[in-house]
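Each remark here refers to the structure printed beneath this line.
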Amino acid sequence: MTDSAPRIGIIMGSRSDWDTMREASATLTALDIPHECKVVSAHRTPERLYEYAKSAADRGLHCIIAGAGGAAHLPGMAASMTRLPVLGVPVQSKALDGMDSLLSIVQMPAGIPVGTLAIGKAGATNAALLAAAMLANNDAALASRLDAWRAAQTASVAETPE
Ligand code: RP5
């Protein structure tokens, strides 16, 4: 495995999810974590999903971040086919504002876990930070970068409202 081999896989159900999921990618890039981004739909490309999830661990991925909206089966279906931790990001849907996405991702029956984040861009950012925190347990250099990222965020918060 090379240093530049992806360590985290970001998948999403549609290109229309990219506006949300790019926040996860940008956060991993800021932390210098190699990752890949793919459109993999549970409904429209089930065989692509099968291939992706079944090969993920052997390809050296440590974690999958899966974003989807509406009847959002992608994170749960991915989790059913890999032992890797799967973090689910509910994409904000037009019809129900993402409540449909949230409930269909978070309500997994016992036995196949999906770590569910907040609806939308906050969830995408936090999925990346959570994945980074998991990897940092066994990567001292990444732990330092994550500590620095958090310190910079703290330093950026003004004490006064204007
Ligand atoms: C889901 O359906 C996708 O994750 C997306 O959030 C939603 C709508 O997809 P498009 O119709 O925009 O391709 O599968």
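Residue numbers for the sequence shown follow our numbering, so the first one is 158 and each next one is one higher. For glycine and all other residues, C-beta sits at the position ideal for the given N, C-alpha and C. All values derive from a computational prediction rather than experimental measurement.
- Residues G224, A225, G226 and V248 of the same chain have their beta carbon placed closer than 7 Å to that of D174, with the five preceding and five following residues left out of the count.
- In the DSSP annotation of this structure, the continuous segment of the alpha helix (DSSP H) that includes L286 starts and ends at K278 to A293.
- When distances are taken from the beta-carbon of V243 to the heavy atoms of ligand 1, even the shortest one reaches 7 Å or more.
- When DSSP states are grouped into helix, strand and coil, T202 belongs to the coil group.
- Per DSSP, the beta-bridge partners of V196 are M169.
- The Cβ neighbour count for A288, taken over all protein chains shown within 10 Å, is at least 16; the residue is labelled buried.
- For the pair V246 and A183, the CB atoms are not nearer than the 8 Å cut-off.
- Residue state for G226 is assigned as coil, using DSSP reduced to three classes.
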